[in-house]
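K.L.:
In my numbering, the protein residues as written are 3 to 232.
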(Lines of atoms letter the chains of each structure in order from A and count residues from 1; the text may use other names and numbers.)
(Lines give C-alpha, C1' and ligand atoms only; values in the text may rest on other atoms or scores of the structure.)
Protein backbone atom coordinates (compact mmCIF):
# COMPACT_ATOMS: atom_id res chain seq x y z
CA UNK A 1 0.00 0.00 0.00
CA UNK A 2 1.33 3.48 -0.86
CA UNK A 3 2.26 6.12 1.69
CA UNK A 4 -0.73 8.19 0.54
CA UNK A 5 -3.11 5.30 1.17
CA UNK A 6 -1.62 4.76 4.65
CA UNK A 7 -1.78 8.43 5.63
CA UNK A 8 -4.68 9.25 7.96
CA UNK A 9 -7.11 11.79 6.52
CA UNK A 10 -7.56 14.80 8.79
CA UNK A 11 -9.19 17.37 6.47
CA UNK A 12 -11.85 17.28 3.75
CA UNK A 13 -11.83 19.47 0.63
CA UNK A 14 -14.97 19.59 -1.50
CA UNK A 15 -15.56 20.86 -4.98
CA UNK A 16 -18.69 23.01 -5.10
CA UNK A 17 -20.75 22.51 -8.27
CA UNK A 18 -21.74 18.87 -8.60
CA UNK A 19 -20.57 17.91 -5.10
CA UNK A 20 -22.18 20.40 -2.73
CA UNK A 21 -24.58 22.09 -5.12
CA UNK A 22 -26.64 20.42 -7.81
CA UNK A 23 -25.88 23.13 -10.35
CA UNK A 24 -23.98 21.28 -13.07
CA UNK A 25 -27.13 19.62 -14.39
CA UNK A 26 -28.58 23.13 -14.66
CA UNK A 27 -25.46 24.41 -16.43
CA UNK A 28 -25.52 21.44 -18.82
CA UNK A 29 -29.09 22.15 -19.88
CA UNK A 30 -28.57 25.88 -20.24
CA UNK A 31 -25.32 25.56 -22.20
CA UNK A 32 -26.88 23.01 -24.53
CA UNK A 33 -29.88 25.24 -25.26
CA UNK A 34 -27.69 28.30 -25.76
CA UNK A 35 -25.23 26.60 -28.12
CA UNK A 36 -27.67 24.64 -30.28
CA UNK A 37 -28.32 27.62 -32.60
CA UNK A 38 -24.59 27.84 -33.36
CA UNK A 39 -24.40 24.34 -34.85
CA UNK A 40 -23.61 24.51 -38.56
CA UNK A 41 -25.79 21.47 -39.17
CA UNK A 42 -28.49 20.74 -36.63
CA UNK A 43 -29.80 17.18 -36.39
CA UNK A 44 -30.21 14.55 -33.66
CA UNK A 45 -26.62 13.35 -34.13
CA UNK A 46 -24.98 16.77 -33.82
CA UNK A 47 -27.28 17.78 -30.96
CA UNK A 48 -26.36 14.61 -29.05
CA UNK A 49 -22.66 15.13 -29.79
CA UNK A 50 -22.85 18.67 -28.43
CA UNK A 51 -24.62 17.50 -25.28
CA UNK A 52 -21.93 14.89 -24.65
CA UNK A 53 -19.12 17.33 -25.31
CA UNK A 54 -20.55 19.77 -22.77
CA UNK A 55 -21.10 17.02 -20.19
CA UNK A 56 -17.47 15.89 -20.50
CA UNK A 57 -16.25 19.42 -19.75
CA UNK A 58 -18.43 20.34 -16.79
CA UNK A 59 -16.19 21.59 -14.00
CA UNK A 60 -14.11 23.75 -16.33
CA UNK A 61 -14.38 27.52 -16.19
CA UNK A 62 -17.14 28.49 -18.60
CA UNK A 63 -14.85 30.53 -20.86
CA UNK A 64 -12.41 27.62 -21.23
CA UNK A 65 -15.29 25.23 -21.87
CA UNK A 66 -16.62 27.56 -24.57
CA UNK A 67 -13.14 27.88 -26.10
CA UNK A 68 -12.90 24.10 -26.53
CA UNK A 69 -16.43 23.74 -27.87
CA UNK A 70 -15.91 26.66 -30.25
CA UNK A 71 -12.85 24.90 -31.65
CA UNK A 72 -14.50 21.48 -31.84
CA UNK A 73 -17.78 22.60 -33.42
CA UNK A 74 -16.52 25.71 -35.25
CA UNK A 75 -19.20 27.94 -33.74
CA UNK A 76 -17.44 31.23 -34.45
CA UNK A 77 -18.31 32.63 -31.02
CA UNK A 78 -17.69 36.33 -30.48
CA UNK A 79 -16.80 38.15 -27.26
CA UNK A 80 -20.41 39.24 -26.90
CA UNK A 81 -21.54 35.61 -27.18
CA UNK A 82 -19.17 34.59 -24.39
CA UNK A 83 -20.46 37.37 -22.15
CA UNK A 84 -24.10 36.59 -22.85
CA UNK A 85 -23.76 32.83 -22.31
CA UNK A 86 -21.76 33.36 -19.11
CA UNK A 87 -24.44 35.67 -17.76
CA UNK A 88 -27.28 33.30 -18.62
CA UNK A 89 -25.51 30.30 -17.08
CA UNK A 90 -24.62 32.19 -13.90
CA UNK A 91 -28.15 33.50 -13.47
CA UNK A 92 -29.73 30.09 -14.00
CA UNK A 93 -27.34 28.39 -11.58
CA UNK A 94 -27.96 31.06 -8.95
CA UNK A 95 -31.74 31.00 -9.33
CA UNK A 96 -32.27 27.24 -9.59
CA UNK A 97 -29.45 25.73 -7.55
CA UNK A 98 -30.21 23.21 -4.80
CA UNK A 99 -28.03 21.30 -2.36
CA UNK A 100 -26.95 17.82 -3.40
CA UNK A 101 -29.31 15.42 -1.60
CA UNK A 102 -28.05 14.53 1.87
CA UNK A 103 -24.89 16.60 1.70
CA UNK A 104 -25.65 18.93 4.61
CA UNK A 105 -26.58 16.13 6.99
CA UNK A 106 -23.56 14.04 6.04
CA UNK A 107 -21.00 16.84 6.28
CA UNK A 108 -22.47 18.29 9.48
CA UNK A 109 -22.05 14.90 11.16
CA UNK A 110 -18.36 14.68 10.20
CA UNK A 111 -15.84 16.09 12.68
CA UNK A 112 -13.21 16.76 9.99
CA UNK A 113 -12.47 20.42 9.15
CA UNK A 114 -13.85 21.17 5.69
CA UNK A 115 -12.96 23.49 2.82
CA UNK A 116 -14.31 24.31 -0.62
CA UNK A 117 -12.03 24.33 -3.68
CA UNK A 118 -13.89 25.33 -6.83
CA UNK A 119 -13.39 26.89 -10.24
CA UNK A 120 -16.37 29.19 -9.64
CA UNK A 121 -15.87 32.74 -8.37
CA UNK A 122 -15.94 33.40 -4.63
CA UNK A 123 -19.10 35.47 -5.12
CA UNK A 124 -20.89 32.62 -6.87
CA UNK A 125 -19.70 29.99 -4.37
CA UNK A 126 -20.73 32.19 -1.44
CA UNK A 127 -24.18 32.90 -2.89
CA UNK A 128 -24.85 29.24 -3.69
CA UNK A 129 -23.72 27.93 -0.31
CA UNK A 130 -25.75 30.54 1.55
CA UNK A 131 -28.84 29.90 -0.56
CA UNK A 132 -28.64 26.16 0.18
CA UNK A 133 -27.76 26.45 3.87
CA UNK A 134 -24.23 25.07 3.55
CA UNK A 135 -22.07 28.14 4.13
CA UNK A 136 -21.59 27.59 7.86
CA UNK A 137 -20.04 24.14 7.33
CA UNK A 138 -16.75 25.54 6.00
CA UNK A 139 -15.72 28.16 8.57
CA UNK A 140 -14.54 30.56 5.86
CA UNK A 141 -12.29 28.02 4.13
CA UNK A 142 -13.47 28.79 0.59
CA UNK A 143 -11.03 28.89 -2.33
CA UNK A 144 -11.63 29.90 -5.94
CA UNK A 145 -9.48 28.87 -8.89
CA UNK A 146 -11.30 31.54 -10.89
CA UNK A 147 -10.30 34.33 -8.53
CA UNK A 148 -6.75 32.97 -8.18
CA UNK A 149 -6.35 33.01 -11.95
CA UNK A 150 -5.15 29.40 -11.90
CA UNK A 151 -8.22 27.20 -12.27
CA UNK A 152 -8.38 23.42 -12.23
CA UNK A 153 -6.84 21.26 -13.68
CA UNK A 154 -3.92 23.28 -12.25
CA UNK A 155 -3.32 22.12 -8.66
CA UNK A 156 -3.23 25.62 -7.15
CA UNK A 157 -6.73 25.81 -5.69
CA UNK A 158 -6.41 22.45 -3.94
CA UNK A 159 -2.94 23.39 -2.68
CA UNK A 160 -4.38 26.66 -1.37
CA UNK A 161 -7.09 24.76 0.48
CA UNK A 162 -4.52 22.52 2.18
CA UNK A 163 -2.32 25.52 2.98
CA UNK A 164 -5.34 27.28 4.47
CA UNK A 165 -5.50 24.48 7.03
CA UNK A 166 -1.70 24.55 7.47
CA UNK A 167 -1.53 20.84 6.70
CA UNK A 168 0.24 18.79 4.04
CA UNK A 169 -1.79 17.82 0.96
CA UNK A 170 -1.33 14.15 1.86
CA UNK A 171 -3.45 14.72 4.98
CA UNK A 172 -6.42 15.87 2.90
CA UNK A 173 -9.10 14.10 0.91
CA UNK A 174 -10.77 15.79 -2.05
CA UNK A 175 -14.28 15.09 -3.30
CA UNK A 176 -14.75 16.12 -6.93
CA UNK A 177 -17.16 15.29 -9.71
CA UNK A 178 -15.21 16.35 -12.80
CA UNK A 179 -12.19 15.07 -14.70
CA UNK A 180 -10.78 18.59 -14.46
CA UNK A 181 -11.12 18.56 -10.69
CA UNK A 182 -9.77 15.05 -10.20
CA UNK A 183 -6.68 15.92 -12.23
CA UNK A 184 -6.23 19.05 -10.12
CA UNK A 185 -6.35 17.11 -6.86
CA UNK A 186 -4.01 14.40 -8.16
CA UNK A 187 -1.53 17.06 -9.32
CA UNK A 188 -1.69 18.59 -5.83
CA UNK A 189 -0.82 15.25 -4.24
CA UNK A 190 -4.25 14.94 -2.64
CA UNK A 191 -6.25 11.72 -2.55
CA UNK A 192 -9.54 12.16 -4.36
CA UNK A 193 -12.87 10.36 -4.42
CA UNK A 194 -15.04 10.91 -7.49
CA UNK A 195 -18.71 11.76 -6.92
CA UNK A 196 -21.29 10.93 -9.59
CA UNK A 197 -24.55 11.46 -7.70
CA UNK A 198 -25.85 14.25 -9.92
CA UNK A 199 -24.06 13.25 -13.15
CA UNK A 200 -26.06 12.99 -16.36
CA UNK A 201 -24.67 9.49 -16.99
CA UNK A 202 -23.27 8.05 -13.76
CA UNK A 203 -21.61 5.05 -15.37
CA UNK A 204 -19.72 7.06 -17.97
CA UNK A 205 -18.89 9.79 -15.47
CA UNK A 206 -17.50 7.24 -13.03
CA UNK A 207 -15.32 5.64 -15.67
CA UNK A 208 -13.90 9.04 -16.66
CA UNK A 209 -13.15 9.97 -13.05
CA UNK A 210 -11.36 6.69 -12.38
CA UNK A 211 -9.33 7.10 -15.56
CA UNK A 212 -8.36 10.62 -14.43
CA UNK A 213 -6.99 9.28 -11.15
CA UNK A 214 -9.86 9.07 -8.66
CA UNK A 215 -9.21 6.46 -5.97
CA UNK A 216 -12.86 5.37 -6.14
CA UNK A 217 -16.23 6.71 -7.21
CA UNK A 218 -19.53 6.87 -5.33
CA UNK A 219 -22.99 8.17 -6.16
CA UNK A 220 -24.71 8.78 -2.81
CA UNK A 221 -23.48 11.21 -0.16
CA UNK A 222 -24.78 8.85 2.51
CA UNK A 223 -21.89 6.53 1.56
CA UNK A 224 -19.16 9.03 2.35
CA UNK A 225 -18.75 8.37 6.08
CA UNK A 226 -18.37 4.63 5.50
CA UNK A 227 -15.89 5.21 2.68
CA UNK A 228 -13.77 7.42 4.92
CA UNK A 229 -13.84 4.81 7.67
CA UNK A 230 -12.84 1.95 5.35
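Where a beta carbon is used, it is the ideal one built from N, C-alpha and C, also for glycine.
Residue ranges of each alpha helix (DSSP H) run of no fewer than 4 residues wholly in the region 170-201, ordered along the chain?
P.N.:
If we require 4 residues or more, the alpha helix (DSSP H) runs fully inside the region 170-201 come out as 181-189.
K.L.:
Rounded to whole angstroms, what's the CA-CA distance from residue 171 to residue 190? Just pull it up for me.
P.N.:
If you take the alpha carbons of residue 171 and residue 190, they lie about 7 Å apart.
K.L.:
So residue 79 is in the alpha helix (DSSP H); what residue range does that whole segment cover?
P.N.:
That residue, residue 79, is in no alpha helix (DSSP H); it is neither H nor E in DSSP.
K.L.:
Residue ranges of each beta strand (DSSP E) run of no fewer than 3 residues wholly in the region 6-93, ordered along the chain?
P.N.:
For the region 6-93, whole beta strand (DSSP E) runs of length 3 or above, ordered along the chain, are 13-16.
K.L.:
Tell me the rounded alpha-carbon separation between residue 235 and residue 37.
P.N.:
What is shown of the chain runs 3 to 232, which leaves residue 235 out entirely.
K.L.:
How about residue 134 and residue 184: do their beta carbons lie closer than 8 Å?
P.N.:
Cβ atoms of residue 134 and residue 184: not closer than 8 Å.
K.L.:
Quick one: using the 10 Å Cβ neighbour count with 16 as the cut-off for buried, is residue 198 buried or exposed?
P.N.:
Its Cβ being crowded by 16 or more others within 10 Å, residue 198 is buried.
K.L.:
Taking the beta strand (DSSP E) that residue 220 falls in, what are its first and last residues?
P.N.:
Residues 218-220.
K.L.:
May I ask you to list the residues that DSSP assigns as paired with residue 144?
P.N.:
According to DSSP, which records beta bridges pairwise, residue 144 is partnered with 118.
K.L.:
Leaving out the 5 sequence neighbours to the left and right, which residues in its chain are closer than 8 Å to residue 21 when beta-carbon positions are compared?
P.N.:
Counting only Cβ-Cβ distances below 8 Å, and skipping sequence neighbours, we find 102, 105, 177, 178, 179, 197.
K.L.:
Grab the span of the alpha helix (DSSP H) containing residue 207 for me, first residue to last.
P.N.:
Looking at the DSSP string, the run of the alpha helix (DSSP H) that includes residue 207 is 204-214.
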